[in-house]
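Peer 1: Take a look at the following structure, please.
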Amino acid sequence: MVFFLIGTTSALNYSTHENQTTENPTQQGAHVLPSTLVLSLLLIILVLLSIYCLRFKNHRKALVTSVDKKIPNGFLDEQGEQTVVLLPRSPSPSRRYFPIPLDSLEEEYRVRSADDGKLFREEFNSLPCYYHHGSFEEASREHNREKNRYPNILPYDHSRVILSHIDGHLPSDYINASYIDGFKEKNKFIAAQGPKFETVADFWRMVWEQKVSTIVMLTNLKERKEDKCYQYWPDQGCWMYGNIRVAMEDFTVLVDYTIRKFCVQFQAGEGTRAPRLVTQLHFTSWPDFGVPFSPIGMLKFLKKVKTVNPSYAGPVVVHCSAGVGRTGTFIVIDGMIDMMHGEQMVDVFGSVSRIREQRCQIFSVRFFIFSSVLVLLLTSPSSTLQMQYSFIYQALLEYYLYGDTELDVCSLEGHLHRLHNTRAPNDRLGLEEEFRKLTNVRIMKENMRTGNLPANMKKNRVLQIIPCTGLMFSYTELHTFIHNSLLVFPCRDVEEYTKRP
Numbered sequence: 001m002v003f004f005l006i007g008t009t010s011a012l013n014y015s016t017h018e019n020q021t022t023e024n025p026t027q028q029g030a031h032v033l034p035s036t037l038v039l040s041l042l043l044i045i046l047v048l049l050s051i052y053c054l055r056f057k058n059h060r061k062a063l064v065t066s067v068d069k070k071i072p073n074g075f076l077d078e079q080g081e082q083t084v085v086l087l088p089r090s091p092s093p094s095r096r097y098f099p100i101p102l103d104s105l106e107e108e109y110r111v112r113s114a115d116d117g118k119l120f121r122e123e124f125n126s127l128p129c130y131y132h133h134g135s136f137e138e139a140s141r142e143h144n145r146e147k148n149r150y151p152n153i154l155p156y157d158h159s160r161v162i163l164s165h166i167d168g169h170l171p172s173d174y175i176n177a178s179y180i181d182g183f184k185e186k187n188k189f190i191a192a193q194g195p196k197f198e199t200v201a202d203f204w205r206m207v208w209e210q211k212v213s214t215i216v217m218l219t220n221l222k223e224r225k226e227d228k229c230y231q232y233w234p235d236q237g238c239w240m241y242g243n244i245r246v247a248m249e250d251f252t253v254l255v256d257y258t259i260r261k262f263c264v265q266f267q268a269g270e271g272t273r274a275p276r277l278v279t280q281l282h283f284t285s286w287p288d289f290g291v292p293f294s295p296i297g298m299l300k301f302l303k304k305v306k307t308v309n310p311s312y313a314g315p316v317v318v319h320c321s322a323g324v325g326r327t328g329t330f331i332v333i334d335g336m337i338d339m340m341h342g343e344q345m346v347d348v349f350g351s352v353s354r355i356r357e358q359r360c361q362i363f364s365v366r367f368f369i370f371s372s373v374l375v376l377l378l379t380s381p382s383s384t385l386q387m388q389y390s391f392i393y394q395a396l397l398e399y400y401l402y403g404d405t406e407l408d409v410c411s412l413e414g415h416l417h418r419l420h421n422t423r424a425p426n427d428r429l430g431l432e433e434e435f436r437k438l439t440n441v442r443i444m445k446e447n448m449r450t451g452n453l454p455a456n457m458k459k460n461r462v463l464q465i466i467p468c469t470g471l472m473f474s475y476t477e478l479h480t481f482i483h484n485s486l487l488v489f490p491c492r493d494v495e496e497y498t499k500r501p
């Protein structure tokens, strides 16, 4: 839009001074360019101010009106409820959100998704911004500031992970990491920022001291050409990080994630400790913008994390770049799935509110820092976080409706036998019930926009069978549409499926 305004302004100046250019080209060349730049700059400033005012007005309006509207969830008044205070900048009173029974989850998701996710935005904006009694004294000390990837993403003093001191060094017990409770499980997770070059040794020291067996990584090393996390492991062989020796044992690359296994051993002057096996599960399918196309990959990833982590291990370390957005998404989905099994309901709002008392800025807009005014025009951090928040509901609904459908080859025969010999409601066979679930999968029309374009309609043999835009194969250099879909299997090879020409 900025370039369009500059081009329009230049065209106007050219048209206005066309006659002057003919009469006196030297004088015109000396004055038109400065005047064009000045007018363009003024227009850009006016546009930026207008957009800022509109966004601020809409944001304040959403915060105020969210208190007056009630989200129906089919939950009785006498049942438990979650009450939190709105963001400090809103003078409105507290709003109550109730846990959602599983039999109401599908309807609740539909209601919240209506009007472009309006009720999701209202619920998200009603989350408490921070823990009023939290302090950041240790994280704010001068000698610890360089250990923080972002200056305003700091661990609370009451929930931070405390390392042992190293002799001969300044206070060395600090790392940007926080304990997070799971569902009815104290300190199940450690939410951490992505290690920096200066903090890699501290990271592995934390892994060793906390008896960590599983590391969950939810970011790539670089995204949008920005450093998100320092590579804190060796590709092969072994490296020493402080007193911790880390050796690569094995790795497996799958479609949505990579599994790396390390042999970790403490080596110091007082002696060598017995080595331990630490498994890193690196989710690689999170896009640079927004959220994954489907929650299926994340659910399979979460299942693998639960399978890999031994019962005797310490907390599971979860990190992205800042340790708040994607990290919070993963932790909440895990807790809500456990709540599904234990209490037959979910409480996303309450869960996010509680973990915000343990980790500052979880799902908070305040942590984003804009590098330039132009980024403000192109990127909306609040919308990204709202997408992550609604993605939690999407993942929970997927899990509730379809469950875990992944099978080992050795258990396939037994599973088929059960499907043929069990009866579902309405006296349907288990196999028929499973097929019925497939026919109830909602088709998102916005995912088929490319195939529905007028220029592409004639290329579809059956108008009801159109490939999803996110999984479509196309020749981008020719700007052409081809009726192909990509089906991805547990490897990097890709199969193409297409209709008959």
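Here UniProt numbering is used: the sequence shown runs in plain steps of one and ends on residue 501.
For every residue, glycine included, the Cβ atom is placed at its ideal position computed from N, Cα and C.
Everything numeric in this text was worked out from a predicted model, so none of it was measured.
Aspartate 202 and isoleucine 180 look like a contact to me (Cβ under 8 Å); what is the Cβ gap, rounded to whole Å?
Peer 2: At roughly 19 Å, the Cβ-Cβ gap does not stay under 8 Å, so aspartate 202 and isoleucine 180 are not in contact.
Peer 1: Three-state secondary structure (DSSP) at leucine 281?
Peer 2: strand
Peer 1: Whose CA, out of Ile190, Tyr257, Lys184, lies closest to the CA of residue 505?
Peer 2: As displayed, the chain neither begins before 1 nor continues past 501, which places residue 505 out of reach and without an answer.
Peer 1: CA-CA distance, tryptophan 286 and glycine 325?
Peer 2: 12 Å
Peer 1: Distance check for methionine 339 and leucine 127, CA to CA, integer angstroms please.
Peer 2: 20 Å
Peer 1: If we count the other Cβ atoms within 10 Å of its Cβ and call it buried at 16 or more, is glutamine 361 buried or exposed?
Peer 2: With 16 or more other CB atoms across the displayed protein chains lying within 10 angstroms of its CB, glutamine 361 is buried.
Peer 1: Could you check the C-alpha separation between leucine 221 and lysine 196 for me, to the nearest Å?
Peer 2: 11 Å
Peer 1: Rounded to the nearest angstrom, what separates glutamate 357 and lysine 186 at their Cα positions?
Peer 2: 14 Å
Peer 1: From the DSSP output, in three-state form, read off histidine 319 for me.
Peer 2: Histidine 319: strand per DSSP, three-state reduction.
Peer 1: Is the beta carbon of alanine 268 less than 7 Å from the beta carbon of asparagine 243?
Peer 2: yes
Peer 1: For the beta strand (DSSP E) containing lysine 186, list its first residue and its last residue.
Peer 2: Where lysine 186 is concerned, the enclosing beta strand (DSSP E) stretches over 185-192.
Peer 1: For the beta strand (DSSP E) holding arginine 260, just list the boundary residues, first then last.
Peer 2: Note, arginine 260: beta strand (DSSP E), 257-268.
Peer 1: For a test of the three-state rule: what should DSSP assign to arginine 245, helix, strand or coil?
Peer 2: strand
Peer 1: Determine the DSSP secondary structure at tryptophan 286, reduced to helix, strand or coil.
Peer 2: In the structure shown, tryptophan 286 sits in coil (DSSP, three-state: anything other than H, G, I, E or B).
Peer 1: When you compare each of Asp157, Gly182, Ser390 to aspartate 173 by their alpha carbons, which one comes out closest?
Peer 2: Asp157
Peer 1: Whole angstroms is fine: what's the gap from lysine 147's alpha carbon to valine 161's?
Peer 2: 14 Å
Peer 1: Between tryptophan 208 and glycine 342, what straight-line distance do the alpha-carbon atoms span, to the nearest angstrom?
Peer 2: Taking the straight line joining both Cα atoms gives about 32 Å.
Peer 1: Applying the 10 Å Cβ sphere with the 16-neighbour rule, what's the burial state of asparagine 421?
Peer 2: exposed
Peer 1: Name the two residues that bound the continuous beta strand (DSSP E) containing tyrosine 179.
Peer 2: 177-182
Peer 1: Roughly how many angstroms separate the alpha carbons of valine 318 and threonine 199, rounded to a whole number?
Peer 2: 16 Å
Peer 1: Taking all protein chains shown into account, do 16 or more other C-beta atoms lie within 10 angstroms of the C-beta of lysine 211, making it buried, or fewer, making it exposed?
Peer 2: Counting C-beta atoms within 10 angstroms of its own C-beta, lysine 211 has fewer than 16 neighbours from the protein chains shown and is therefore classed as exposed.
Peer 1: Which same chain residues, not among the five before or five after threonine 279, have their C-beta less than 6 Å away from its C-beta?
Peer 2: Thr214, Lys261, Val308
Peer 1: Does glutamate 138 come out as helix, strand or coil in the three-state DSSP assignment?
Peer 2: It is coil, neither helix nor strand.
Peer 1: By Cβ distance, which residues of its chain are closer than 6 Å to histidine 143, with the 5 residues on each side in sequence left out?
Peer 2: Leu170
Peer 1: Just list the residues that DSSP pairs phenylalanine 251 with in beta bridges.
Peer 2: Arg260
Peer 1: Do valine 291 and glutamine 388 have their CB atoms nearer than 7 Å?
Peer 2: Taking C-beta atoms as the reference points, valine 291 and glutamine 388 count as a pair closer than 7 Å.
Peer 1: Would you tell me roughly how many angstroms separate the C-alpha atoms of arginine 96 and glycine 403, rounded to the nearest one?
Peer 2: 30 Å
Peer 1: When DSSP labels each residue in this structure, what does proline 171 get in the three-state scheme?
Peer 2: coil
Peer 1: Looking at the strands, I want to know which residues DSSP matches up with isoleucine 100.
Peer 2: Val346, per the DSSP bridge assignment.
Peer 1: From the DSSP output, read off the bridge partner residues of tryptophan 239.
Peer 2: Val246
Peer 1: Under the rule that 16 or more other beta-carbon atoms within 10 Å means buried, what is methionine 240, buried or exposed?
Peer 2: exposed
Peer 1: In the DSSP assignment, find the alpha helix (DSSP H) that holds valine 200 and state where it starts and stops.
Peer 2: 200-209
Peer 1: So is proline 454 buried or exposed if we call it buried at 16+ other beta carbons inside 10 Å?
Peer 2: exposed
Peer 1: Roughly how many angstroms lie between the CA atoms of threonine 384 and phenylalanine 289, to the nearest whole one?
Peer 2: 7 Å
Peer 1: Look at the alpha carbon of phenylalanine 251 and the alpha carbon of threonine 258, and state the distance between them as a whole number of angstroms.
Peer 2: Their Cα atoms are separated by approximately 7 Å.
Peer 1: Hey, how far is the Cα of alanine 114 from the Cα of serine 321?
Peer 2: Approximately 31 Å between the Cα atoms of the pair.
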